[in-house]
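All residue numbers for the sequence shown refer to the numbering used here, where the first residue is 825 and numbers rise by one.
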Amino acid sequence: MFSGCGVKESRTVVQFASWGSKSEVDIIKPLLNDFEKQNPDIKVDFMHIPQNYFQKIHLLFASNTAPDVIFINNQYLPVYANAGVLEELESETKFYSQAVKALSWNGKLYAMPRDVSNLVLFYNKDLFDKNGVSYPSDNWTFEEFLGKAKQLSKNGNFGISFEEDPLFYLPYLMSNGGGFYDTDKPESRDAIDFYADLRKKYHVAPEKSESASATMAQIFLQQRLGMYLSGRWMVPKLREEANFNWDIAKFPKGTKGSIVPLDASGWAIAKSSLHKEEAMKLVNYLSSAESIKKLCESGLIVPALKEASACIFDNKKPESSRIFLDVIETSVPTPVTVDYREVLDKLKKDMEPRFN
């Protein structure tokens, strides 16, 4: 292999594709440099794809030019695993079992887990205090949740966020014994009714016209929302921009308990790779405790690696960081299928009139 200056490259080149913000890339690049120092016979060609990631990965697979190592999530993994283009990996007990399950297809692991993603309720402690509302407990119910949302909905403020993306109402369905694929079940209908009523009947969540072009994150930062359903990816932004006291709580309990969907992302190896041994070295390095801790310190991720999970206790907000780990135990991997994107599109279309 020749480099651009005409000098023969004696090292094996492993191509690695990933998405990620600038802050994430700023962590990844030094890790890759460190890997190359530890493995002087391997050079990593980092392919950063910040937008339309999976469309581009799909085209690379279609043209037989897939990268050796691909950062992937559980929502898209079935498409590639089912097509037989990913290498099967050995399952590992050092990761949370939910992460392994999320990144498996037909019982086989196809991506080494990096992080898990679940949902918690961020809440504005100052707004709770101002309105004389007690903070959420670990065992609060839908009824208590609604009661607090009503108490917080005063003076143009709202108790709870409302988003029409199915990710944000799946916890209501799951906690009530329902789900995406059985929306005709009474449990699912009841949960959807409850969610829609937060906006339409109880007026504790903003209508589309009331949020205008602002996102729920922006409204929460403006202190117009008492509670905001989101994930750990919001932590760096809140640490930087929130000028009020905030913390996190578990999603409230429905008839089946407090259940939120769990997603995961990790590193897969293309079956077409000509350098599988070197690719596996890179994957093992990236999924090591040392590497995961560096990614975790940014506040962006909840590690899928049990050994590295303590890194979320960094003496910064939120005070109740343990909840990110507690929630893993009761989470259920998002029920993903090969046609998951079509399912989501149909749900959005079907629910739009219900929510508006």
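Glycine included, each C-beta is placed from N, C-alpha and C at the ideal position.
Quiz prompt | Inter-residue spacing [alpha-carbon to alpha-carbon] between Leu976 and Leu970 | solution = 10 angstroms
Quiz item: Would DSSP call Ile866 helix, strand or coil?
Solution: strand
Exercise. Pull up the CB-CB distance for Ser1089 and Arg938, whole angstroms please, since I reckon it's below 8 angstroms.
Key: 5 angstroms
Quiz item: In terms of alpha-carbon separation, which member of Leu1045, Tyr1052, Tyr1005 lies closest to Val1028?
Solution: Tyr1052
Quiz item: Can the beta-carbon of Ser1096 be found less than 8 angstroms from the beta-carbon of Phe946?
Solution: no
Quiz item: Looking at C-alpha atoms only, which residue of Asp1150, Pro1085, Trp929, Asn1069 is the closest neighbour of Leu951?
Solution: Cα-wise, what sits closest to Leu951 is Asn1069.
Self-check item: CB-CB length for Ser1144 against Asp1087, believed under 8 angstroms
Solution: Actually they are not in contact, since the Cβ atoms of Ser1144 and Asp1087 sit about 21 angstroms apart, beyond 8 angstroms.
Exercise. Evaluate Glu1153 with the Cβ neighbour count: other Cβ atoms within 10 Å of its Cβ, from every protein chain shown; 16 or more gives buried, anything less gives exposed.
Key: exposed
Practice problem: Take the Cβ of Arg1023 as the centre, count every other Cβ of all protein chains shown within 10 Å, and call the residue buried at 16 or more, exposed below. | Solution: buried
Quiz item: Should Ser1155 be labelled buried (16 or more other beta-carbon atoms within 10 Å of its own) or exposed?
Solution: buried
Quiz prompt | Cβ neighbour criterion (16 or more within 10 Å) applied to Tyr920 | solution = Classification for Tyr920: buried.
Quiz item: By a C-beta neighbour count over all protein chains shown, 10 Å radius and 16 as the cutoff for buried, is Glu967 buried or exposed?
Solution: exposed
Quiz item: Can you name, in chain order, every residue of its own chain whose Cβ lies under 6 angstroms from the Cβ of Phe992, other than the five neighbours on each side?
Solution: Leu1053
Exercise. Please classify Glu1011: is it buried, with 16 or more other beta-carbons within 10 angstroms of its beta-carbon, or exposed?
Key: Under this definition Glu1011 is a buried residue.
Quiz item: Looking at C-beta atoms only, is the number of pairs between the region 884–895 and the region 1073–1084 that lie closer than 8 angstroms three or more?
Solution: no
Quiz item: Which of the three DSSP states, helix, strand or coil, is assigned to Arg1146?
Solution: helix
Quiz prompt | Assumed close pair Leu913, Tyr934 - CB separation to whole angstroms, cut-off 8 angstroms | solution = 6 angstroms
Quiz item: Any idea what DSSP makes of Lys1077, helix, strand or coil?
Solution: strand
Self-check item: Rounded Cβ spacing between Arg1056 and Leu1124 (contact assumed at less than 8 angstroms)
Solution: Correct: roughly 7 angstroms between the Cβ atoms.
Quiz item: Going along the chain, which unbroken runs of the alpha helix (DSSP H) with 4 or more residues stay wholly within the region 837–893?
Solution: 846–862, 877–886
Quiz item: According to DSSP, which residues form a beta bridge with Asp939?
Solution: Ser1089, Pro1127
Exercise. Along the beta strand (DSSP E) that carries Tyr947, what are the first and last residues, could you check?
Key: 944–948
Practice problem: Provide the residue span of the alpha helix (DSSP H) that contains Tyr1052, from first to last. | Solution: Note, Tyr1052: premise wrong, no alpha helix (DSSP H); beta strand (DSSP E) at 1049–1054.
Practice problem: Out of Ser1111, Lys972, Phe1004, Ser887, state which residue places its alpha-carbon closest to the alpha-carbon of Lys1170. | Solution: Phe1004
Quiz prompt | Enclosing alpha helix (DSSP H) for Phe1016 [first to last residue] | solution = The displayed chain sequence assigns Ile, not Phe, to residue 1016. That run of the alpha helix (DSSP H) goes 1010–1024.
Exercise. From the DSSP output, read off the bridge partner residues of Ser928.
Key: The partner list for Ser928 (beta bridge, DSSP) reads Leu933.
Quiz item: When the distance is taken between beta carbons, is Ile852 closer than 8 angstroms to Glu860?
Solution: no
Quiz item: How far does the beta strand (DSSP E) with Ile984 in it reach, from first residue to last?
Solution: Secondary structure note for Ile984: its beta strand (DSSP E) is the uninterrupted segment 982–984.
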